[in-house]
Every structure is written in C-alpha cells, then in structure tokens.
Amino acid sequence: MPPDTHRHDHDHAEDAQTSGGSCCGSAGTCGDIVPATPAPAGGRSFQVSGLDCAEEVAILNKVVGPKIGGAEHLAFDVINGRMTILDSAKSLSDGEIAELVASTGMTAKPWDAENASVDQAAHLARQRLFTALSGGFWAAGFLWHIIETGMGGALGLFAGHGEAPMPLVEAGLFAVAILFGVWLVAPKAWSSARRLSPDMNLLMVVAVAGAIGLGEFFEAATVAFFFSLSLYLESWSVGRARNAVSALLDLAPPTARVLHDDGSEADVPASAVAINARFIVRGGDRIPLDGEVVDGAGAVDQAPITGESALVPKERGDEVYAGTINGEGTLTVRATKAASDTVLAKIIRMVGDAHARRAPVEQWVAKFARIYTPIVMALAIAIALLPPLIFG
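Numbering (UniProt numbering), first residue to last: 1 to 392.
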C-alpha cells in the first residue's frame with residue numbers, strides 16, 4: 001500500500017522567502033493542452049506568464065503579498081503558471097493585481113483554463129525564438145571573425161582584440177546577440193533593481209553591461225546567450241514536469257459507473273461521486289476513485305501507483321486506487337475518498353508543489369546569496385569608482 005501523502009498546503013510564504021534561481025516555461029510538446037489541476041477553493045486565480053519556479057513565487061510573495069494582507073493569502077500552481085488570491089485576502093481589483101504583477105516583469109490576467117495552455121505555448125515559443133536568435137547572431141559574429149582573421153585570429157578573440165578595435169560588422173552581430181539574449185531577462189532585472197533586491201537576473205544584466213562598457217562585445221554576447229540558454233534548459237525540465245502531470249491526470253477516468261440502490265447504473269463525473277457511493281469496475285477498466293471492494297473479485301494492475309509489476313488480487317475488504325487498472329473480474333467498490341483527495345491527486349499536487357518549494361540546501365544558498373550578492377555589487381562599484389577618485 002502506498003504511504004499516505006500530506007494534503008497540499010497553499011501557504012508558500014516560508015519557502016518562497018528563501019527561494020532563489022529562475023526558470024521558464026517548457027519546450028517541445030508543451031504546446032499540447034494540459035489539464036489544469038483544481039484551484040484552491042474560495043479565491044480568484046490568475047494566469048501568470050513567467051511563473052515557472054520558486055524564484056517567481058518569492059518575487060510575487062514580496063510584491064503582491066503586502067498589498068493583500070500577507071503572503072499567506074496567496075497560493076501558487078507553478079506547473080500551470082497559476083496564482084490564486086484566497087478569499088481571506090484584502091480586496092483588490094483584477095486590474096490592480098495585474099499592475100502589481102507587471103511591476104515584477106511578469107504579466108497576469110484572470111485564469112481561463114481553456115486558453116491557459118495557449119498562453120503557455122506562446123510564452124515558450126517566444127523564449128525559444130529569442131534564445132535561438134541570440135545564439136545565431138553570436139555564432140555569426142564568431143564566424144565573421146574567423147573569415148576576417150583566420151583561425152589564429154579567432155583563437156585570439158577569446159583573449160580580446162588587444163589594441164585593435166573590433167570591426168563594426170562583428171560588433172553589430174554580437175550586439176544583436178546581446179539584445180536577444182537579455183530581452184526577456186531585462187524586465188525582471190529592472191524590477192529587482194527597483195526593489196533593491198538583487199538577484200541573478202540583475203547580476204547577469206550588470207555583467208553584460210560591464211563587458212559592453214569595456215568594449216568586450218564577444219564576452220557580453222557569450223554571457224547573454226549562455227544565460228538565455230540555461231533558462232531555456234530549465235524550461236525544458238518544467239515542461240517535462242507539466243507533461244508528467246498531464247500523463248498522471250490521464251490515468252484516472254473522468255467518469256465512474258455508479259450503482260444506485262435500485263440496482264441501476266449511471267455514468268457520473270468522478271468529481272461528483274460522493275464518499276460511500278458504490279461504483280462498478282469491469283475487467284479492463286481503470287478505477288476512477290480510491291475505494292474499498294465490497295463485492296466481487298479481480299486482479300488489479302497497481303504499477304502506476306505502487307510500481308508493482310504483477311497483478312494484485314483484490315477481494316472484499318481490499319483497497320483499490322484511482323488510476324489503476326482492473327485486469328480481470330468485476331468489482332463493486334465503495335468510494336472512500338473524493339476525487340480531489342485520492343492518492344493519485346495527492347501525487348499530482350506534490351509534483352506541482354515541488355516546483356514552488358526548494359530543498360534545504362537550495363534555501364541555504366538563497367540565504368547566502370541575499371548577503372553575498374549586494375556585497376559583491378558594492379565592492380565592484382567601489383573598485384570602479386574609488387581608485388580614480390583617490391589616485392586621480
């Protein structure tokens with residue numbers, strides 16, 4: 001029997017305050033329609049473009065939380081890019097919420113389950129395009145340098161151009177690569193600077209700007225492209241999780257064949273089946289809800305839940321789980337849990353929750369970065385300004 005999992009806790013404030021890092025949406029098959037997990041009961045949900053991991057959760061908690069009475073009134077579904085403002089929060093209009101989110105470099109609009117996957121696909125396609133363009137112009141600039149100077153000169157590019165200025169065409173190609181590389185990061189970096197809360201987005205933009213100031217366009221383009229590429233690769237992992245959730249949701253059938261007291265049967269949406277209601281599962285059917293066998297005997301494939309490779313015999317008094325397959329026989333099952341509280345539903349919630357929370361080591365790194373980052377930036381400014389002022 002799989003261990004009982006904890007119910008999803010929508011209070012992400014504690015974890016989000018110690019969150020770091022950044023990621024973006026997915027690629028590949030993520031344009032497919034992915035069923036959305038249920039929103040928390042009692043609240044308004046918003047589709048947030050750019051909400052992909054714990055970094056964005058932390059930012060939204062800091063920016064939106066104080067305006068609605070605290071981060072405890074916010075709930076996040078990172079897998080689907082959804083932010084929910086609970087009914088316990090202070091009242092703000094949808095427009096005010098959208099403005100607050102926009103100030104973080106992200107965008108928000110009221111949740112629309114039918115169009116959520118379309119919005120996600122558009123965001124992902126834009127990220128993929130900008131990363132590809134940045135890499136393309138970066139490669140073009142490097143190839144131009146090879147054509148102009150030969151391989152020996154190309155190797156010298158990594159050590160700088162010495163006294164010779166970079167050719168205008170080459171500098172232009174690298175400049176376009178920089179533009180596309182930082183285009184999606186710059187709004188978040190600007191938001192970070194305004195909030196006096198430096199993060200890695202701001203650090204990367206500052207690093208690129210510093211390299212440009214020194215005339216090192218190749219180095220600036222390299223940093224911009226590879227940072228954009230790293231975010232894209234992180235996006236791919238989020239997309240894999242989103243597809244995994246979609247596959248899990250597909251395990252449980254949407255309806256149950258409910259057995260009424262008069263012996264009649266009716267197909268009822270699984271979410272509408274009451275606890276203690278009886279339903280029929282015939283051979284080859286997937287089980288729609290967690291329950292207890294009250295009549296019949298069969299053998300169930302529980303591999304999707306427990307990983308057991310062999311069919312597990314089931315008879316009166318045995319437990320069965322939503323998403324598993326009745327391999328043989330006909331079972332009459334009494335529902336013991338609602339559709340939102342099955343083992344399968346809890347697994348789905350835990351997968352989503354994992355992207356809004358961070359491991360203890362990651363939390364420690366984030367705490368360290370909150371101290372380390374401003375100190376390093378202050379030292380960099382001091383090193384740039386003080387020597388000329390002191391030594392002329």
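Where a beta carbon is used, it is the ideal one built from N, C-alpha and C, also for glycine.
It should be emphasised that the depicted structure is a prediction, and the values quoted were computed from it without experimental measurement.
*At least 3 beta-carbon pairs within less than 8 Å: the segment 300-307 vs the segment 268-278*: Output reads no: the segment 268-278 does not touch the segment 300-307.
_In chain order, each alpha helix (DSSP H) run of at least 4 residues that lies wholly inside the segment 46-79_ = Counting only runs of 4 or more, we get 54-63.
_Residues bridged to residue 335 [DSSP beta-bridge criterion]_ = DSSP lists 291 as the beta-bridge partner residues of residue 335.
*Under 9 Å, do residue 295 and residue 316 count as touching if we go by C-beta distance?*
For residue 295 and residue 316, yes; Cβs fall inside 9 Å.
*asked:* To the nearest angstrom, how far is the alpha carbon of residue 353 from that of residue 84?
replied: About 14 Å.
_Measuring alpha carbon to alpha carbon, tell me which residue in 131, 246 and 101 is nearest residue 345._
Closest option to residue 345, Cα to Cα, is 246.
_CB of residue 220 within 9 Å of CB of residue 273, strictly_ = Not in contact: residue 220 and residue 273 (Cβ atoms no closer than 9 Å).
*Can the beta-carbon of residue 101 be found closer than 9 Å to that of residue 63?*
Yes, the Cβ-Cβ distance between residue 101 and residue 63 is below 9 Å.
_If you follow the alpha helix (DSSP H) that residue 170 is in, where does it begin and where does it stop?_
168-182 is the extent of the alpha helix (DSSP H) around residue 170.
_For a test of the three-state rule: what should DSSP assign to residue 276, helix, strand or coil?_
The DSSP-derived three-state label of residue 276 is coil.
*Best match in 234, 299, 365 and 243 for proximity to residue 53 [C-alpha to C-alpha]*: That would be 234, whose Cα lies nearest to the Cα of residue 53.
*Who are the Cβ neighbours of residue 313 in its own chain at under 6 Å, not counting the five residues just before and after it?*
Within the same chain, Cβ atoms closer than 6 Å to the Cβ of residue 313 are found at 299, the five residues on either side in sequence being excluded.
*asked:* Considering just the uninterrupted stretch of the beta strand (DSSP E) at residue 107, what are its terminal residues?
replied: Counting along the chain, the beta strand (DSSP E) containing residue 107 begins and ends at 107-110.
*State buried or exposed for residue 170, treating a residue as buried only when at least 16 other CB atoms are found within 10 Å of its CB.*
Under this definition residue 170 is a buried residue.
*asked:* Which same chain residues end up closer than 7 Å to residue 8 when comparing Cβ atoms and leaving out the 5 residues on each side of it in sequence?
replied: Below a pLDDT of 50, predicted positions are generally treated as unreliable, and residue 8, at 39, falls in that range; the measurement from the model is reported next regardless. By the criterion of a C-beta distance shorter than 7 Å, residue 8 is surrounded in its chain by 349 and 353, once the five residues flanking it on both sides are discounted.
_Touching by the beta-carbon criterion (3+ pairs, under 8 Å), the segment 97-116 and the segment 134-148_ = These segments do not touch.
*Counting only the same chain and skipping the five closest in sequence on each side, list residues whose C-beta sits under 8 Å from that of residue 311.*
Correct list, in chain order: 299, 300, 301, 327 and 328.
*Along the chain, where does the beta strand (DSSP E) that runs through residue 327 open and close?*
That run of the beta strand (DSSP E) goes 325-328.
*Helix, strand or coil for residue 388 per DSSP?*
Residue state, collapsed to three classes: helix.
*asked:* Suppose contacts are defined by Cβ-Cβ distances below 9 Å. Is residue 124 in contact with residue 263 by that definition?
replied: Not a contact, by the Cβ cut-off of 9 Å.
*Where in the segment 203-245 do unbroken runs of the alpha helix (DSSP H), each at least 4 residues long, occur, reported from the N-terminal end onward?*
Those alpha helix (DSSP H) runs which fall completely within the segment 203-245 and span 4+ residues do not exist here.
_DSSP three-state label for residue 310, please._
Here residue 310 sits in coil by DSSP.
*Given residue 261 as reference, the closest of 90, 332, 379 and 73 once Cα atoms are compared*: Among 90, 332, 379 and 73, the Cα nearest to that of residue 261 is on 332.
*Does the distance from the C-beta atom of residue 142 to that of residue 218 stay below 9 Å?*
A contact, by the Cβ cut-off of 9 Å.
*Cβ pair residue 47, residue 82 closer than 9 Å*: Contact: yes.
*Bounding residues of the alpha helix (DSSP H) (the contiguous stretch that carries residue 298)*: From DSSP, residue 298 is part of no alpha helix (DSSP H) but of the beta strand (DSSP E) over 298-301.
*Out of 144, 286 and 78, which has the shortest C-alpha to C-alpha gap to residue 252?*
That would be 286, whose Cα lies nearest to the Cα of residue 252.
*Could you name the residues that DSSP lists as bridge partners for residue 258?*
The partner list for residue 258 (beta bridge, DSSP) reads 266 and 279.
_Closest by C-alpha distance to residue 87, when choosing among 44, 275, 61 and 257_ = Comparing Cα positions, the closest option is 44.
_Please return the same chain residues whose Cβ sits closer than 7 Å to the Cβ of residue 184, not counting the five positions on each side in sequence._
Within the same chain, residue 184 has close Cβ partners 127 and 130.
_Contacting residues, own chain, Cβ-Cβ under 8 Å from residue 193 (five flanking each side not counted)_ = Only 202 meet the Cβ criterion.
*Can you tell me the Cα-Cα spacing of residue 321 and residue 342, whole angstroms?*
Answer to the nearest angstrom: the Cα atoms are 7 Å apart.
*asked:* Rounded to the nearest angstrom, what separates residue 95 and residue 180 at their Cα positions?
replied: Between residue 95 and residue 180, the C-alpha separation is close to 30 Å.
*Could you pull out every residue in the same chain whose Cβ sits closer than 6 Å to the Cβ of residue 282, ignoring the five residues on either side in sequence?*
Taking residue 282 as the centre and dropping the five residues before and after it, the same chain places the C-beta of 330 closer than 6 Å to its C-beta, in chain order.
*Can you have a look at residue 196 and say buried or exposed, based on whether 16 or more other CB atoms are within 10 angstroms of its CB?*
Exposed is the call here.
_Output needed for residue 244: all residues of its chain with C-beta closer than 8 Å, excluding positions within five of it in sequence on either side, in chain order._
Here the set comprises 351.
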